[in-house]
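J.: Residue numbers (our numbering), protein chains in the order written: chain Z, 40 to 296; chain S, -3 to 256; chain B, 91 to 674.
Ideal placement from N, C-alpha and C gives every residue a C-beta, glycine not left out.
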């Protein structure tokens, strides 16, 4: 299955980058994902055209006497072909899904927490002690500079960095833990080909590796209330040196922005 | 003239909209389940061989039973939904501020009166079945067909009334069980286990309440209806509904008592 | 006097049956309900389109459309269209009108329950339509009503009274659907006329049967879920609420370990079958109409029966594909991906059957035939993106984007509406005794098809570019997200123009209706030369039945698509066999 589909998909890539209007891609798993998505899209378009051609050709042909006799040939052969086609796509997709979700991140991956609340995303870095401080819902007070309810009595919380912007170094794997304080939010970064809902009461991990420095959109993709449309944030991917500088500057200023 | 869908009320043809008003399909035979084997009656698929309304004395009963079966399937699925939510919630947990995994499920100890209620419901099912059997007692049906009063209904009325009493006793018993739990400060909103105990028992009690309403309806029909088939349908479907709720209760009780 | 009347029916009641239980009256009433919902839902969608393209546009007599009002429009539009149009009209409207006729019955099995269902549906619709007028306005959590947004009254405007009315409306709807489904199933099982064996049922009846079969588990589980959601809102329980939440600065503690995901499971266990309920009758009707105008048997007729049932069965096993990124285990994602991909096969089998049925048949391109072909086209166009969304890794990018909106509008909304138009044009002579004008019908068809594609194809591109759904506006957001959204504004404007065109394309149909209904009854008894029972001129009395009966009995002698090999002659189901037919 693999080789012909792969060849086909590389050909597809060349043709179709522009046609389908995917946003630029900034992650390690992105190219493989794009290849698979574009392959799927072209196959769908091809089948759409084929079905319409058959329909129109069937209408245009002069009348044949009677119906078809060989049901097996006409019904089961194309069905078998489609089964092989969809099966192949499913297997490829399953491989990508396995790589993305079945395994956890590298132990050396960078820890980041993203928390959704109506209608903002907050980002927290664990700081030099590599441990997230304790948070308590009672202490949540965005107006007082403590949007996540960090507990000052916990020794891990003093060095935590909280930011309104997700800043990440290029080329390092990120272990992102997602939480939501109030309702379900959808954490979506089109440029990373990534989406995961943040569910209140749960901590959900996703991992990925950003590769290309730049500024990218973070959007909420789960209807979360009146301000859903403006629950956006920015992902800034920096070269590793710039990122280290950014982080140290924020640690010294105590975290806020 | 265009074809019409089965004629609207324009022309008062003798098409049987409600079969009760006319031919009950008995074909001049008594409304019992006897198959003579003659007259084309070979016990085949009645639904496809004869016209609607002409499929023997049990036709309306069979239709009602099919409707009841699908309704019971729907009711069963309501409880399947509740029970699966119960099982999922029971095994779920959350992580608290101190990173501890917490399963806050506190099993609800069931009030012992529920055992008594179960027994009451079981007895009510037995009496209900006696009422149902009375409606299918061939000798009495023949008597009735010959015009000798309403012996079936008389007997069924007694048993249905007994069932009704036991059914109400069960509902009162459930009410007492809830009161007992509340005296132990286990409320609907206390915790997940309480949520499900009250919700499942209340949903069941609601269905049993509908059952008592059906019993009352059946008693009224036994009194008022002149049509034997109608009375038979009311008693039969009500009793099957009652049995189903009884079986459902036993399943729910086992679940709540042993799988908390 | 018949002797049996002296015993049981001594008092033969002579008053007519209550009028409002006749299946024809009720079917038309169901359609009337749907029409109200359709008009309201269409108006709401146009408001949404206008606001999305021109966020500064102010609605006359109202002013600017606020974000929460936009979400109210979304919620009402989705609920009205999916529940009250795409479920009621094909399944209960045309179902009630046609099921008894197609199976040769004189009524539904439980006419009074049928009326009860109608009253419940009407109550549901009026409750829903009242919801925008309570303080706070309509609910804003979409037709899926995910908690905690739907469970906490302070989570947003409209989540108090508006949400309660929404819940009540859906509960009424679920009850009504259960009643109607039981009635439909009992009717199809017990009321078939003599000779109407299961394999002779038209595929339309199979569509209604399968959809009714699906309705029972789906709406039952929905009722259970609604009960829990109501309880979370008003009785301080936490079926769907986690232990602690911070909403609007308020800390809410809940007892127990509820989870919003539980609602998602229960809701989609209902929700996915629901969309199949909406489209299955259209699938069946398309098969029958294509065969009728191609003058040949539906290709692989018996396989199509199996396929219809298989689609129904698979429909209740795939709910998890709405939850790939919702926080399930990734293994669950893989499992649901397989069951979802599996549906592609029976769906493809349907399409293959349609293609083979019309292949080289030189069909008469009447308006119903055109709409059937349009149904095929939209079913393929919308269906092909299904396997794409069934792959969890791709859904990780496409979930809740405009791509999904495009997908379900093509396969469910547009195909569903084409199914409804198909039913209307095809059965209009039967219902009204008049033929709708063919020329106007063609204009209506081509304009609607063009409008549908012009509206919904570009939505795929918006989704691929990353635009999420449910966004009240694309402006007013800073940073790269703002740029991403703003760049899509021209595309969205195009979609809005197309949507206005699509709405305007319905005017020929309205005019056609008015014109035809004011004209004389001129339709012949069987204008499409159809073979199924609803076109039988009058119930035929077979000689052996006539002897013993005081009423006429329709009888069925053959399967539903019997045509001569050259297609010039046909054998309707109601005609007794006089010659040997090709084997069924």
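1. Thinking just about the alpha-carbon of each residue, which of B/601, B/572 and B/372 is nearest to the one in residue 299 of chain B?
2. Give a yes or no on contact between the region 79 to 96 of chain S and the region 221 to 233 of chain Z, applying the rule of three or more CB pairs nearer than 8 Å.
3. Around the C-beta of residue 279 of chain Z, are 16 or more other C-beta atoms found within 10 angstroms, so that it is buried, or is it exposed?
4. Figure out for me which residue from B/381, B/513, B/546 and B/181 has the closest Cα to the Cα of residue 69 of chain B.
5. Taking 9 Å as the threshold (beta carbon to beta carbon), is residue 431 of chain B in contact with chain C?
6. Can you pull the chain B residues whose beta carbon is under 8 Å from the beta carbon of residue 90 of chain S, in chain order?
7. Against chain B, with Cβ distances strictly below 9 Å, would residue 193 of chain S count as a contact?
8. Could you tell me which uninterrupted alpha helix (DSSP H) segments, each at least 4 residues in length, are contained entirely in the region 198 to 279 of chain Z, listed from first to last along the chain?
9. With the cut-off set at 9 Å, would you say residue 379 of chain B and residue 301 of chain B are in Cβ contact?
10. For a contact meaning CB atoms closer than 8 Å, what does residue 574 of chain B contact in chain Z?
11. I want to verify the contact list: residues of chain S whose CB lies under 7 Å from the CB of residue 362 of chain B, in sequence order.
12. Verify whether the separation of the beta carbon atoms of residue 126 of chain S and residue 155 of chain S is less than 9 Å.
13. Rounded to a whole number of angstroms, what is the C-alpha to C-alpha distance between residue 599 of chain B and residue 534 of chain B?
14. For chain S, find out if any of its Cβ atoms is closer than 9 Å to the Cβ of residue 203 of chain B; answer yes or no.
15. Could you tell me whether any Cβ in chain Z is nearer than 9 Å to the Cβ of residue 242 of chain B?
16. Would you decide whether residue 656 of chain B is buried or exposed? Buried here means 16 or more other CB atoms lie within 10 Å of its CB.
17. Taking residue 480 of chain B as the reference, give the member of Z/277, Z/129, Z/98 and Z/93 with the closest Cα.
18. Let me check one thing: in DSSP terms, what residues is residue 343 of chain B bridge-paired to?
19. Can you find a C-beta in chain B that's less than 9 Å from the C-beta of residue 194 of chain Z?
20. Could you please give me the residues that DSSP links to residue 558 of chain B through a beta bridge?
21. When you compare the CB positions of residue 72 of chain Z and residue 487 of chain B, do they come within less than 9 Å of one another, or not?
22. With a cut-off of 9 Å, does the C-beta of residue 72 of chain Z fall near any C-beta of chain B?
23. Check each residue of the region 411 to 428 of chain B: if its Cβ is closer than 8 Å to any Cβ of chain S, include it; give the result in chain order.
24. Tell me, which residues are paired with residue 159 of chain Z by DSSP?
25. Can you find a C-beta in chain Z that's less than 9 Å from the C-beta of residue 638 of chain B?
26. Indicate whether residue 321 of chain B and residue 309 of chain B have their beta-carbon atoms separated by less than 9 Å.
27. I want to see whether chain B comes within less than 9 Å of residue 189 of chain Z, judged by CB atoms only; does it?
28. Helix, strand or coil: how does DSSP classify residue 33 of chain S here?
29. Thinking residue 109 of chain S and residue 173 of chain S are a contact (beta carbons under 8 Å), I'd like their distance in whole angstroms, please.
30. Residues bridged to residue 174 of chain Z by DSSP?
31. Since residue 164 of chain Z sits in a beta bridge, which residues does DSSP pair it with?
32. Check each residue of the region 59 to 70 of chain S: if its Cβ is closer than 7 Å to any Cβ of chain B, include it; give the result in chain order.
33. Assuming residue 194 of chain S is part of the alpha helix (DSSP H), what are its boundary residues?
34. Using the beta-carbon of each residue, which ones in chain S are nearer than 8 Å to residue 311 of chain B?
35. Rounded to whole angstroms, what is the Cα-Cα separation between residue 589 of chain B and residue 53 of chain S?
36. Closer than 9 Å, CB to CB, is residue 174 of chain S near chain B or not?
T.: Looking at the atomic coordinates:
1. Taking the first residue of the third chain as 1, we reach residue 299 of chain B at position 209. Measuring C-alpha to C-alpha distances from residue 299 of chain B to each of B/601, B/572 and B/372 identifies B/372 as the nearest.
2. With contact defined as three or more Cβ pairs closer than 8 Å, the region 79 to 96 of chain S and the region 221 to 233 of chain Z are not in contact.
3. Here residue 279 of chain Z refers to the residue found at position 240 when the first chain is read from its first residue. Residue 279 of chain Z comes out exposed.
4. Here chain B covers residues 91 to 674 and nothing more, so residue 69 of chain B does not appear.
5. The structure shown contains no chain C; its protein chains are Z, S and B.
6. What you label residue 90 of chain S is simply residue 94 of the second chain in a count that begins at 1. Those within 8 Å of residue 90 of chain S in chain B are 332, 333 and 347.
7. For the purposes of this step, residue 193 of chain S is taken as residue 197 along the second chain, with counting starting at 1. It does not; no Cβ of chain B falls within 9 Å.
8. Within the region 198 to 279 of chain Z, no complete alpha helix (DSSP H) segment of 4 residues or longer occurs.
9. Indexing the third chain from 1 puts residue 379 of chain B at position 289. Indexing the third chain from 1 puts residue 301 of chain B at position 211. Result no, Cβ atoms of residue 379 of chain B and residue 301 of chain B do not sit closer than 9 Å.
10. For the purposes of this step, residue 574 of chain B is identified with residue 484 of the third chain, where counting begins at 1. Those within 8 Å of residue 574 of chain B in chain Z are 62, 229, 256 and 258.
11. The residue you call residue 362 of chain B lines up with position 272 of the third chain. Simply none; closest approach about 15 Å.
12. In the second chain, residue 126 of chain S corresponds to position 130, counting from 1. In the second chain, residue 155 of chain S corresponds to position 159, counting from 1. Result yes, Cβ atoms of residue 126 of chain S and residue 155 of chain S sit closer than 9 Å.
13. Against the third chain, residue 599 of chain B aligns to sequence position 509. Against the third chain, residue 534 of chain B aligns to sequence position 444. It is roughly 6 Å from the alpha-carbon of residue 599 of chain B to the alpha-carbon of residue 534 of chain B.
14. Residue mapping note: residue 203 of chain B aligns to position 113 of the third chain, counting from 1. True, the Cβ-Cβ gap to chain S drops below 9 Å.
15. In the third chain, counting from the first residue as 1, residue 242 of chain B sits at position 152. Using a Cβ-Cβ cut-off of 9 Å, residue 242 of chain B counts as an interface residue toward chain Z, since at least one Cβ of chain Z sits closer than that to its own.
16. Indexing the third chain from 1 puts residue 656 of chain B at position 566. Counting every other CB atom within 10 Å of its CB across the protein chains shown gives residue 656 of chain B a total below 16, marking it as exposed.
17. Within the third chain, numbered from 1, the residue matching residue 480 of chain B stands at position 390. Comparing alpha carbon positions, the residue from Z/277, Z/129, Z/98 and Z/93 closest to residue 480 of chain B is Z/129.
18. Numbered from 1 along the third chain, position 253 holds the residue referred to as residue 343 of chain B. DSSP output for residue 343 of chain B lists B/334 as bridge partner(s).
19. Against the first chain, residue 194 of chain Z aligns to sequence position 155. Residue 194 of chain Z does not count as touching chain B.
20. Within the third chain, residue 558 of chain B is the residue found at index 468, counting from 1. Answer is B/491, bridged to residue 558 of chain B.
21. On the first chain, residue 72 of chain Z is found 33 positions in, with the first residue counted as 1. On the third chain, residue 487 of chain B is found 397 positions in, with the first residue counted as 1. Yes. Within cutoff.
22. In the first chain, residue 72 of chain Z corresponds to position 33, counting from 1. Residue 72 of chain Z has a beta carbon lying within less than 9 Å of a beta carbon in chain B.
23. Result list empty, no residue passes.
24. If you number the first chain from 1, residue 159 of chain Z lands on position 120. Looking at the DSSP output, residue 159 of chain Z bridges to Z/156.
25. Sequence index remark: in the third chain, residue 638 of chain B carries index 548 (1-based). At residue 638 of chain B the pLDDT is 48, less than 50, meaning the model places this residue with poor confidence; the figure from the coordinates comes in the next sentence. Not a single CB atom of chain Z sits nearer than 9 Å to the CB of residue 638 of chain B.
26. Residue numbering aside, residue 321 of chain B sits at position 231 when the third chain is read from its first letter. Residue numbering aside, residue 309 of chain B sits at position 219 when the third chain is read from its first letter. Not in contact: residue 321 of chain B and residue 309 of chain B (Cβ atoms no closer than 9 Å).
27. The count along the first chain starts at 1 and reaches residue 189 of chain Z at position 150. False, the Cβ-Cβ gap to chain B never drops below 9 Å.
28. Counting from 1 along the second chain, the entry for residue 33 of chain S is found at position 37. Low per-residue confidence applies at residue 33 of chain S: pLDDT is 45, beneath 50, and the placement is therefore not dependable enough to give any value.
29. Taking the second chain and counting its residues from 1, the one referred to as residue 109 of chain S is at position 113. Taking the second chain and counting its residues from 1, the one referred to as residue 173 of chain S is at position 177. About 5 Å separates the beta carbons of residue 109 of chain S and residue 173 of chain S, which is inside the 8 Å limit, making them a contact pair.
30. Within the first chain, residue 174 of chain Z is the residue found at index 135, counting from 1. DSSP, once it has assigned bridges, lists Z/189 as partnering residue 174 of chain Z.
31. Along the first chain, read from residue 1 onward, the residue named residue 164 of chain Z stands at position 125. Its beta-bridge partners are Z/200.
32. Cβ contacts with chain B: 59, 62, 63, 66, 67, 69 and 70.
33. To locate residue 194 of chain S, count along the second chain from 1; it is residue 198. Residue 194 of chain S -> alpha helix (DSSP H) spans 188 to 220.
34. Here residue 311 of chain B refers to the residue found at position 221 of the third chain. Within chain S, the residues near residue 311 of chain B are 73, 74, 76 and 77.
35. For this step, residue 589 of chain B is matched to residue 499 along the third chain. For this step, residue 53 of chain S is matched to residue 57 along the second chain. Rounded to the nearest whole angstrom, the C-alpha separation of residue 589 of chain B and residue 53 of chain S is 58 Å.
36. Here residue 174 of chain S refers to the residue found at position 178 of the second chain. Not closer than 9 Å to any Cβ of chain B, the Cβ of residue 174 of chain S fails to qualify, so no.
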